[in-house]
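Just below is one structure, and these are the notes that go with it.
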Amino acid sequence: CATDWAPYAEQILGVLSAEPSLRNRSARDDGYADRPDYRPVTKFERRGLRLGHGVWDLVFERV
């Protein structure tokens with residue numbers, strides 16, 4: 547999933563990280579993922595990036 551709202555990204559990262567049946571696929575130290583190639587950039591994301599907003603991707607898998 548991806549979001550442009552930092553508090554939501556932090557909350558979801560915490561919730562998903564605490565779930566023992568999920569594993570974070572990110573190799574980054576902050577726990578967020580680079581945008582996966584398979585996820586298209588939406589018009590809302592393009593606009594947000596143009597305005598200098600951040601985008602946070604989270605990629606977890608079931609274990």
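Position in the sequence shown counted from 1, then plus 546, gives you the numbering used here.
By construction, the Cβ of each residue, glycine as well, lies at the ideal position given by its N, Cα and C atoms.
Source: prediction; values computed, not measured.
The Cβ neighbour count for Ala579, taken over all protein chains shown within 10 Å, is at least 16; the residue is labelled buried. Under DSSP, Asp603 takes part in a beta bridge, and its partners are Ala548 and Ala579. Residue Trp602 holds the alpha-carbon nearest to the alpha-carbon of Ala548 among Thr588, Arg608, Trp602 and Val561. In its own chain, leaving out the 5 sequence neighbours on each side, no residue places its CB closer than 6 Å to the CB of Glu565. Counting along the chain, no beta strand (DSSP E) covers Arg574, and no H or E run does either.
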